Amino acid sequence: EGRRVVYADAEDPLLWHRLHLDKVKVIMLAVPDLEAKVVASEQLRRRGYTGLISATYVWPEERQSILDAGADVTYNYFAEAGVGLATDTFEALAPDSKSRLNKRPQKPAAVEPTAP
32 EGRRVVYADA
42 EDPLLWHRLH
52 LDKVKVIMLA
62 VPDLEAKVVA
72 SEQLRRRGYT
82 GLISATYVWP
92 EERQSILDAG
102 ADVTYNYFAE
112 AGVGLATDTF
122 EALAPDSKSR
132 LNKRPQKPAA
142 VEPTAP
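Take a look at the structure:
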């Protein structure tokens, strides 16, 4: 609620000209392509964007290229996904947890086929 999400081609220069970035605090680049993250970060900084740019990376050698292009924060896609999975799994095991994940979903009862 109160968030605006835009799905677009990060390498499209027209995208960055159409966006009004003056009130944008954070831009998260979650595209798989390294070049798209680099181009997007560079375009944003060229346009004068001073907010936070966060981007994912897959291979450790990609991280510095993304930071050099203007991103402030990078996250290893697989490591962070693993942490999230482990956290949610641990919370699901805690019997006193108030987490929405603390119970296994109930499987629907098997329905016997009826004779025609």
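Residue numbers (our numbering): 32 to 147.
A virtual CB, placed ideally from N, CA and C, is assigned to each residue, including glycine.
This structure is a prediction, so every number in the text was calculated from the model and none was measured.
Residue i in three-state terms, based on DSSP
{"i": "Asn133", "result": "Low confidence applies here, because Asn133 scores a pLDDT of 47, under 50, leaving its location unreliable; read the following figure in that light. Asn133: coil per DSSP, three-state reduction."}
{"i": "Leu60", "result": "strand"}
{"i": "Ala67", "result": "helix"}
{"i": "Phe110", "result": "The sequence given here places Ala at residue 110; Phe does not occur at that position. Residue state, collapsed to three classes: helix."}
{"i": "Thr81", "result": "coil"}
{"i": "Ala86", "result": "strand"}
Residue from the options whose Cα sits closest to the Cα of residue i
{"i": "Thr81", "options": "Val114, Glu66, Ile97 and Lys56", "result": "Lys56"}
{"i": "Arg77", "options": "Gly101, Tyr38, Glu42 and Glu111", "result": "Gly101"}
{"i": "Ala41", "options": "Arg35, Gly33, Val104 and Pro63", "result": "Pro63"}
{"i": "Arg59", "options": "Ala39, Arg49 and His48", "result": "With the sequence shown as reference, residue 59 is identified as Met, and Arg is not the correct amino acid for it. For Met59, the nearest C-alpha among the options comes from Ala39."}
{"i": "Leu108", "options": "Arg34, Thr120 and Trp90", "result": "It should be pointed out that residue 108 corresponds to Tyr in this sequence rather than to Leu. Comparing Cα positions, the closest option is Trp90."}
{"i": "Arg34", "options": "Lys54, Ala125, Gly79 and Glu111", "result": "Lys54"}
{"i": "Ala61", "options": "Gly79, Val36, Ala117 and Ala125", "result": "Val36"}
{"i": "Gly79", "options": "His48, Gln95 and Ser96", "result": "His48"}
Same chain, Cβ closer than 8 Å to residue i, five either side skipped, listed in chain order
{"i": "Pro44", "result": "Gln74"}
{"i": "Tyr106", "result": "Ser85, Ala86, Thr87 and Tyr88"}
{"i": "Ser96", "result": "Leu65 and Val69"}
Own chain partners of residue i with C-beta closer than 6 Å, once the 5 adjacent residues on each side are dropped
{"i": "Asp103", "result": "Leu83 and Ile84"}
{"i": "Leu65", "result": "Glu93"}
{"i": "Leu52", "result": "Tyr80"}
Counting pairs of beta carbons, one from the region 80-98 and one from the region 59-71, are three or more of them closer than 8 Å? Segments in contact, yes.
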